[in-house]
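Under this note's numbering, the first residue of the sequence shown carries the number 110, and numbering increases by one thereafter.
Idealized CB from N, CA, C, for every residue including glycine.
Written below as structure tokens is the structure these notes are about.
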Amino acid sequence: MTTVMAKAKPRRERKKAAVRAHILTTAIELFSQHGIDSVTVDQIADAADIGKGTVYNYFSTKEDIVVAFMVDFETRVQAKVRRLVASKGSLESILAGFIRFQFQMKEPYHQFVRVFLGQMFLRTEQFIPYMVEMQKTIDPPLEALFRGLQQRRLIRKDVSVPDLILIFKTIHLGLTSLWAIEGPPFQFTEKTLKQEIKLFCQGLRTTT
Numbered sequence: 110m111t112t113v114m115a116k117a118k119p120r121r122e123r124k125k126a127a128v129r130a131h132i133l134t135t136a137i138e139l140f141s142q143h144g145i146d147s148v149t150v151d152q153i154a155d156a157a158d159i160g161k162g163t164v165y166n167y168f169s170t171k172e173d174i175v176v177a178f179m180v181d182f183e184t185r186v187q188a189k190v191r192r193l194v195a196s197k198g199s200l201e202s203i204l205a206g207f208i209r210f211q212f213q214m215k216e217p218y219h220q221f222v223r224v225f226l227g228q229m230f231l232r233t234e235q236f237i238p239y240m241v242e243m244q245k246t247i248d249p250p251l252e253a254l255f256r257g258l259q260q261r262r263l264i265r266k267d268v269s270v271p272d273l274i275l276i277f278k279t280i281h282l283g284l285t286s287l288w289a290i291e292g293p294p295f296q297f298t299e300k301t302l303k304q305e306i307k308l309f310c311q312g313l314r315t316t317t
């Protein structure tokens, strides 16, 4: 039997990844403690014990740091979201719970979500690579969710799964924008979430 070994990354590449991760961790800790606006790049460099130029080698702005963190965090969120694919209950409760769970995980980083959305709308061209990377982690759990719901006869099988994913992500983005703008305790977001999911589900239920 032949054993295939994963090829190790070159030392230079590993070092660069380690420096990037260190800057990211240091900056996010400072942002969480003092707020994004109150922290300077000089302070990030000092806390990370590196030069200011090194920070700029990896991130053009403080907002870029936040976006990079949220992309990484999204990967961790989606890894946990996968367990919701087998959730029990009504179609509405499953889909609402799918979104609600992600809001709960991101609540400690509410201010970061605001920055993330702002960058997405203000710097769309530069943001595209981040969006492409995020879709790689977001789409598989959604595909598993909707195909599972079809197999359980909670959703009509004549509805295209790619279409369902696109529409559901559009709803999720709109709700995320509302969630980011409103802030805790998110009462209006919760009310709107229930209403939108109810309407979304009306055309999806099987007739038998």
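Cβ neighbours of residue i in the same chain (closer than 7 Å, five flanking residues each side left out)
i, result
"F178", "L133, I137 and F221"
"T327", "Given that the chain is displayed from residue 110 to residue 317, the structure contains no residue 327 and the question cannot be resolved."
"A156", "T135 and L139"
Extent of the continuous alpha helix (DSSP H) to which residue i belongs
i, result
"V128", "R120 to H143"
"S199", "No alpha helix (DSSP H) holds S199; DSSP gives it neither H nor E."
Own chain partners of residue i with C-beta closer than 6 Å, once the 5 adjacent residues on each side are dropped
i, result
"L204", "I306"
Alpha-carbon spacing of residue i relative to residue j, whole angstroms
i, j, result
"L129", "F230", "In the sequence as displayed, the identity of residue 129 is Arg instead of Leu. Answer to the nearest angstrom: the Cα atoms are 25 Å apart."
"L263", "L251", "15 Å"
"K245", "R192", "17 Å"
"I247", "M240", "10 Å"
"I237", "V175", "15 Å"
"T298", "W288", "6 Å"
"F309", "V186", "23 Å"
"Y165", "F212", "31 Å"
Pair within 8 Å by beta-carbon distance, residue i and residue j
i, j, result
"G283", "H219", "no"
"V190", "E242", "no"
"R315", "R256", "Residue identity differs from the one stated: residue 315 is Thr in this sequence, not Arg. Going by C-beta atoms, T315 is not nearer than 8 Å to R256."
"S269", "L226", "no"
"Q228", "E172", "yes"
"V194", "L254", "yes"
"V148", "K161", "no"
"I290", "V224", "no"
"L313", "I208", "no"
Chain-order list of residues whose beta-carbon lies under 8 Å from that of residue i (same chain, five-residue window excluded)
i, result
"E183", "M243, T246 and I247"
Exercise for the section: At 4 residues or longer, and completely inside the segment 247-303: list those alpha helix (DSSP H) runs for me, N to C. Expected result: 270-291
Handout entry: Inside the segment 148-175 only - beta strand (DSSP E) runs reaching at least 3 residues
Key = none
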